[in-house]
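First residue of the sequence shown: 1, per full-length UniProt numbering; consecutive thereafter.
Encoded as structure tokens, the structure appears first; notes follow it.
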Amino acid sequence: MDLYLEWIKFYEWTLEFADPRVADWPLIYSPFPTIAIVALYFLVIFYIGPKFMKNRSPVDFGLFLPAYNFALVALNYYIVQQALTGSYNAGYSYVCTPLRKDSYDPNEMKVANAIWWYYCSKIIELLDTVLFVLRKNTRQLTFLHVYHHSTMPLLWWIGAKWVPGGQSFVGVMLNSSVHVVMYSYYGLAALGPKVQKYLWWKRYITMLQLSQFCVAIYHTSMSLYVKCPSPVWMHWALIAYAISLIVLFGNFYMKAYIKRSKKPDMKKSNELKVNGDSRKLSWSNIVEQEMENDESSLRKRTKNGKVISNGNTP
1 MDLYLEWIKF YEWTLEFADP RVADWPLIYS PFPTIAIVAL YFLVIFYIGP
51 KFMKNRSPVD FGLFLPAYNF ALVALNYYIV QQALTGSYNA GYSYVCTPLR
101 KDSYDPNEMK VANAIWWYYC SKIIELLDTV LFVLRKNTRQ LTFLHVYHHS
151 TMPLLWWIGA KWVPGGQSFV GVMLNSSVHV VMYSYYGLAA LGPKVQKYLW
201 WKRYITMLQL SQFCVAIYHT SMSLYVKCPS PVWMHWALIA YAISLIVLFG
251 NFYMKAYIKR SKKPDMKKSN ELKVNGDSRK LSWSNIVEQE MENDESSLRK
301 RTKNGKVISN GNTP
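Right under this line is the structure:
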């Protein structure tokens with residue numbers, strides 16, 4: 001009980017440094033709604049969802065998948081547009097922009113609005129994982145995916161409450177720009193095999209994601225170097241988080257693309273090593289096995305003559 005009271009006192013003390021301009025915005029005042037949403041997310045993907053789907057066939061969402069992904073494209077484009085025009089018209093610098101908590105300039109508020117919507121988008125994106133569960137696509141419930149999706153709403157609730165402006169606008173624009181490309185790919189992939197055959201650029205999305213983390217670290221380090229009057233704790237938290245994502249996404253890239261490219265040409269042999277045993281397989285079975293083992297491939301299911309595509313990766 002004493003520990004809880006101490007935590008409450010600490011939180012009330014931190015409120016003195018929160019941005020008053022967004023204090024009454026939805027979901028911002030208290031951390032508990034965001035914590036509850038993330039807790040429900042874990043409950044759904046690890047318990048309720050698997051239990052509900054145990055004796056059921058994968059859900060066919062039809063056109064909902066491309067609609068969902070293209071809606072996120074539109075939302076992320078809106079966030080980029082708001083952050084870009086607001087920061088430009090407010091005279092923001094990409095090297096150092098102090099947080100102006102007392103400014104209600106329309107352009108400053110446009111940046112704050114973009115950051116709030118960015119935080120909301122991270123809550124919406126939790127549906128990515130729920131859709132995996134409902135489609136029984138548990139192969140993509142990796143630590144990378146769950147870690148990334150569950151931490152972003154929490155981290156950006158902090159960002160939206162304490163730093164809805166200043167240096168934050170760069171990371172928001174950068175990540176939302178990447179998500180415009182990423183969810184465009186997912187939306188197109190969800191349209192089925194007639195479109196999927198033209199989507200040769202999947203690996204470059206992961207490269208783009210890795211690049212944004214490196215740019216984010218560089219930008220934040222530059223801000224620290226010039227001693228920009230912006231919350232130092234935010235800079236170090238961002239650097240630490242970006243490093244963790246570089247490690248995880250880098251590991252995914254190595255497994256999905258680098259190691260895969262080093263595998264011997266399967267066309268030269270009709271034998272496949274399975275658990276230490278050589279088994280004679282037809283070429284069609286070898287291809288099928290390869291596709292199952294490829295973490296980056298788009299896995300397809302057929303149901304009542306319809307092809308259901310997995311639209312998402314990490």
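Beta carbons: idealized from backbone N, C-alpha and C, even for Gly.
Computed from a predicted structure; not experimentally measured.
Exercise. State yes or no: is the C-beta of Ile28 within less than 8 Å of the C-beta of Lys161?
Key: Mapped onto the sequence shown, residue 28 falls at position 28. Mapped onto the sequence shown, residue 161 falls at position 161. Cβ distance < 8 Å, so Ile28 and Lys161 count as in contact.
Quiz item: Shortest alpha-carbon distance to Thr85 belongs to which of Pro66, Asn107, Leu72, Leu99?
Solution: On the sequence shown, position 85 is the one that residue 85 refers to. Of the listed residues, the one whose Cα sits closest to Thr85 is Asn107.
Quiz item: Is it the case that the Cβ atoms of Gly165 and Val111 are separated by a distance below 8 Å?
Solution: In the sequence shown, counting from the first residue as 1, residue 165 sits at position 165. In the sequence shown, counting from the first residue as 1, residue 111 sits at position 111. The answer is yes: Cβ separation under 8 Å.
Quiz item: Does the stretch 175 to 182 come close enough to the stretch 64 to 78 that 3 or more CB-CB pairs lie under 8 Å?
Solution: yes
Practice problem: Report, in whole angstroms, the separation of the C-beta atoms of Ile35 and Ile123, which I expect to be a contact under 8 Å. | Solution: For this step, residue 35 is matched to residue 35 along the sequence shown. For this step, residue 123 is matched to residue 123 along the sequence shown. Between Ile123 and Ile35 the Cβ distance is about 12 Å, and since that is not below 8 Å, they are no contact.
Quiz prompt | Unbroken alpha helix (DSSP H) run spanning Glu108, endpoints | solution = Here residue 108 corresponds to residue number 108 of the sequence shown, with the count starting at 1. Looking at the DSSP string, the run of the alpha helix (DSSP H) that includes Glu108 is 106 to 124.
Self-check item: Cβ neighbour criterion (16 or more within 10 Å) applied to Leu72
Solution: The sequence position of residue 72 within the sequence shown is 72, counting from 1. Classification for Leu72: buried.
Practice problem: Tell me where the alpha helix (DSSP H) around Leu131 begins and ends. | Solution: Mapped onto the sequence shown, residue 131 falls at position 131. It spans 127 to 134 - the alpha helix (DSSP H) in which Leu131 sits, taken as one unbroken run.
Quiz item: Where do the ends of the alpha helix (DSSP H) carrying Gly49 lie?
Solution: The sequence position of residue 49 within the sequence shown is 49, counting from 1. Looking at the DSSP string, the run of the alpha helix (DSSP H) that includes Gly49 is 49 to 53.
Quiz item: What is the rounded straight-line gap between the Cα of Ser87 and the Cα of Phe169?
Solution: In the sequence shown, counting from the first residue as 1, residue 87 sits at position 87. In the sequence shown, counting from the first residue as 1, residue 169 sits at position 169. Approximately 7 Å, taken between the alpha carbons.
Exercise. Could you spell out the range, first to last residue, of the alpha helix (DSSP H) harbouring Met82?
Key: As a working note, residue 82 is residue 82 in the sequence shown. In the sequence on display, residue 82 carries Gln and not Met. Where Gln82 is concerned, the enclosing alpha helix (DSSP H) stretches over 64 to 89.
Self-check item: Collapsed DSSP secondary structure at Lys197 in the structure displayed
Solution: For the purposes of this step, residue 197 is taken as residue 197 along the sequence shown, with counting starting at 1. Reduced to three states, the DSSP call for Lys197 is coil.
Quiz item: Between which two residues does the alpha helix (DSSP H) harbouring Gln212 extend?
Solution: Position 212 of the sequence shown holds residue 212. Run containing Gln212: 202 to 225, per the alpha helix (DSSP H) assignment.
Exercise. Could you tell me whether the stretch 211 to 231 touches the stretch 183 to 196, using the rule of 3 or more Cβ pairs below 8 Å?
Key: no
Quiz item: Could you give the distance in angstroms between the alpha-carbon of Ile205 and the alpha-carbon of Phe10?
Solution: Against the sequence shown, residue 205 aligns to sequence position 205. Against the sequence shown, residue 10 aligns to sequence position 10. Rounded to whole angstroms, Ile205 to Phe10 spans 41 Å at the Cα level.
Practice problem: Look at Leu99 and Val22 and say whether their C-beta atoms are less than 8 Å apart. | Solution: To locate residue 99, count along the sequence shown from 1; it is residue 99. To locate residue 22, count along the sequence shown from 1; it is residue 22. In this structure, Val22 does not lie closer than 8 Å to Leu99 by Cβ.
Practice problem: Report the residue from Phe132, Met152, Val181 whose alpha carbon sits nearest the alpha carbon of Pro50. | Solution: Position 50 of the sequence shown holds residue 50. For Pro50, the nearest C-alpha among the options comes from Phe132.
Exercise. Would you mind sorting Glu292 into buried or exposed? The rule is 16 or more other CB atoms within 10 Å of its CB.
Key: Within the sequence shown, residue 292 is the residue found at index 292, counting from 1. Reliability of the predicted coordinates at Glu292 is poor, the pLDDT of 46 falling under 50, and the value obtained from them is presented with this limitation in mind. Glu292 should be labelled exposed.
Quiz item: Tell me which same chain residues have a C-beta within less than 6 Å of the C-beta of Val180, skipping the five on either side of it?
Solution: Within the sequence shown, residue 180 is the residue found at index 180, counting from 1. Cβ neighbours of Val180 beyond the five flanking positions: Val73, Asn76, Tyr77.
Exercise. Can you say whether Tyr92 is buried or exposed, counting buried as having 16 or more other CB atoms within 10 angstroms of its CB?
Key: What you label residue 92 is simply residue 92 of the sequence shown in a count that begins at 1. Answer is buried; the Cβ neighbour count reaches 16.
Quiz item: Is the closest heavy atom of the ligand SAH to the C-beta of Val226 under 7 Å?
Solution: Absent from the structure shown: the ligand SAH. Ligands present: none.
Practice problem: Give the secondary structure of Asn137 by DSSP, where H, G and I count as helix, E and B as strand, and everything else as coil. | Solution: Counting from 1 along the sequence shown, the entry for residue 137 is found at position 137. In this structure, Asn137 counts as coil in the three-state DSSP scheme.
Quiz item: Are the beta-carbon atoms belonging to Ser221 and Gln167 less than 8 Å from one another?
Solution: Numbered from its first residue, the sequence shown carries residue 221 at position 221. Numbered from its first residue, the sequence shown carries residue 167 at position 167. Not in contact: Ser221 and Gln167 (Cβ atoms no closer than 8 Å).
Practice problem: Please classify Gly166: does DSSP put it in a helix, a strand, or coil? | Solution: The residue given as residue 166 occupies position 166 in the sequence shown. Coil at Gly166, not helix or strand.
Exercise. Pick helix, strand or coil for Asn285, following the three-state DSSP scheme.
Key: Counting from 1 along the sequence shown, the entry for residue 285 is found at position 285. Note on Asn285: pLDDT 41, under 50, position unreliable in the model; the coordinate value appears next. Three-state DSSP puts Asn285 in a helix.
Exercise. Just tell me which of Pro31, Arg135, Asn89 has its CA closest to the CA of Val59.
Key: One-based indexing of the sequence shown puts residue 59 at position 59. The shortest C-alpha separation from Val59 is found at Arg135.
Quiz item: For residue 343 versus Leu3, is the C-beta spacing smaller than 8 Å?
Solution: Nothing in the structure corresponds to residue 343, since the chain is present only between 1 and 314.
Self-check item: Cβ-based neighbour list, Leu199, same chain, cut-off 7 Å, excluding 5 preceding and 5 following
Solution: If you number the sequence shown from 1, residue 199 lands on position 199. So the qualifying residues of the chain are Tyr185, Leu188, Ala189.
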